[in-house]
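Read in order, the letters of the sequence shown are residues 40 to 330 in the numbering used here.
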Amino acid sequence: MADIGIGIVGGGYMGKLHAAAFATVGTIFETRLRPHLAMVAASSDASAERYRASYGFAKATSDWRALVDDPSVGVVVIASPQETHAEIALAAMVQGKHVLCEKPLATTLAECEAMVAAAEAAGVVNMTGFNYIKTPATQFARKLITDGAIGQLTWFRGEHTEDFLANPETPLNWRTEGRSTGAMGDLSPHIIQCALALAGPIDELVANIVTLIPERPDGHGGSGQVTNDDAANMLCRFANGASGELMVSRTASGRKMGYAYEVTGTEGAIRFDQEDQNALWLYSAKGPEAE
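Written out as structure tokens, the structure reads:
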């Protein structure tokens with residue numbers, strides 16, 4: 040049975056989840072190709088070593104280039120801040136290494152296009168971390184829509200709402216600085232990808248993007264400016280003629296995983312909320328009125 044070395048850049052929230060998944064996927068799904076945790080890279084030697092010891096990696100480094108260059112690494116997982124994604128991915132793919140990159144791919148369209156072109160040229164396996172669309176309920180919703188269970192789509196409403204920055208006393212941190220780490224860069228990719236998967240391509244849109252809490256404590260007794268967005272609303276029209284409404288917010292009090300959508304068609308409707316991830320609401324305009 041062949042194995043493949045996994046290198047993860049970033050050992051924080053998503054890095055930890057990927058490490059746990061790669062450590063168990065072979066056993067759970069009895070895969071023929073078995074991953075092993077080869078190396079982890081972090082911002083300092085101390086944090087990298089801490090992640091190595093906690094997650095079970097063979098090696099640790101504070102230089103992501105050393106991880107990409109290491110011959111024991113066959114797959115590079117990028118779970119570092121958004122502005123670092125493009126450079127790491129391009130360096131890995133030039134060496135013929137497979138890449139799993141967290142969203143958003145990069146900070147500009149040009150960088151994203153360069154990453155896609157590099158992946159195609161190298162012929163490597165490449166993935167983006169859009170996991171929510173793969174849950175059983177949403178896969179079932181996608182099948183229902185494709186099979187015509189709710190008829191021709193007329194309307195899509197989607198949201199990705201969280202409350203991790205709802206408290207104005209939460210200090211400034213890496214999420215409050217830089218365009219790519221605002222709500223549009225951090226949360227909107229998931230619900231936009233959901234809209235594309237369930238309702239199809241978007242032809243046109245108008246958006247309202249806002250910073251609701253413009254100033255936060257700086258952690259040193261003072262305060263500072265938030266330099267990115269807290270929330271956004273988008274009105275759109277899909278290529279199939281359906282209308283759409285998308286909302287993202289990191290200041291939505293009470294929401295812990297507000298990945299939710301409603302899809303309306305000429306013969307029915309579907310509703311889903313990730314906070315109740317094992318339930319899918321289906322209304323059919325056909326059949327007995329009581330049902």
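Beta carbons are placed, not taken as given, at the ideal position from N, Cα and C, and that holds for glycine.
Computed from a prediction, not measured in an experiment: that's the story for all the values here.
With which residues is residue i paired in a DSSP beta bridge?
i    : result
C275 : L244 and G283
Q264 : E254
H259 : Beta-bridge pairing links H259 to no other residue.
M132 : DSSP output for M132 lists no bridge partner at all.
T167 : C140
S288 : T200 and A270
From residue i to residue j, what distance separates their C-alpha atoms?
i    : j    : result
H124 : S86  : 20 Å
A161 : A234 : 30 Å
E330 : A318 : 17 Å
G54  : P210 : 23 Å
Y171 : L139 : 15 Å
A180 : V245 : 27 Å
E141 : R71  : 25 Å
V155 : H259 : 42 Å
A131 : S119 : 14 Å
M78  : F96  : 5 Å
R294 : D202 : 5 Å
L129 : P175 : 33 Å
A324 : H229 : 29 Å
A278 : N247 : 21 Å
G217 : V133 : 28 Å
P207 : V249 : 15 Å
G46  : Y298 : 29 Å
D102 : Q232 : 32 Å
S82  : G49  : 8 Å
T303 : G187 : 12 Å
G270 : W213 : Note that residue 270 is Ala in the sequence shown, not Gly. For A270 and W213, the distance between alpha carbons rounds to 17 Å.
T167 : Y94  : 22 Å
Q316 : T177 : 9 Å
R310 : R104 : 44 Å
L285 : N272 : 6 Å
G135 : T305 : 47 Å
A153 : G326 : 51 Å
E88  : L76  : 13 Å
V64  : D312 : 26 Å
G44  : E243 : 43 Å
L183 : T66  : 32 Å
G224 : S282 : 23 Å
K98  : A236 : 38 Å
Q121 : F169 : 15 Å
Go to residue i, then tell me how far its alpha helix (DSSP H) extends in each direction, as first and last residue.
i    : result
S86  : D84 to Y94
R104 : W103 to D108
T66  : Y52 to F68
A161 : L148 to A161
Roughly how far, in whole angstroms, is the beta-carbon of residue i from the beta-carbon of residue j, given that I think they are within contact range, below 8 Å?
i    : j    : result
C151 : A145 : 5 Å
Y322 : F195 : Actually they do not touch by this definition, with Cβ atoms about 15 Å apart.
T200 : A291 : 4 Å
G276 : T215 : Reading the sequence as shown, one finds Arg at residue 276 and not Gly. Contact flag wrong, Cβ pair sits at about 32 Å.
G307 : G190 : 6 Å
A238 : L192 : 6 Å
I127 : V115 : 7 Å
D268 : G197 : Not quite, the Cβ-Cβ distance comes to about 17 Å (not below 8 Å), so this is no contact.
A80  : L106 : 4 Å
R73  : D42  : 5 Å
A262 : P143 : Here the sequence assigns Ser to residue 262, which means Ala is not the residue at that position. Incorrect: roughly 28 Å between the Cβ atoms, too far for contact.
V265 : L226 : Contact flag wrong, Cβ pair sits at about 15 Å.
With respect to the beta strand (DSSP E) encompassing residue i, which residues constitute its N-terminal and C-terminal limits?
i    : result
M78  : R73 to A80
I172 : It is not in any beta strand (DSSP E) - I172 carries neither H nor E in the DSSP assignment.
F301 : For the record, residue 301 in the displayed sequence is Glu; it is not Phe. Start and end: G297 to G304.
G44  : D42 to V48
A308 : G307 to D312
L144 : Where L144 is concerned, there is no enclosing beta strand (DSSP E), given that its DSSP letter is neither H nor E.
V116 : V114 to I117
T123 : Unbroken run through T123: none, as it is neither H nor E.
T100 : K98 to T100
S323 : W320 to S323
Should residue i be counted as a contact of the ligand NAP given a C-beta to heavy atom distance under 7 Å?
i    : result
I231 : As presented, the structure is devoid of all ligands, the ligand NAP included, so that no description of it is given.
### Query
Which runs of the beta strand (DSSP E), 3 residues or longer, sit entirely within the region 176-252?
192-200 and 241-249
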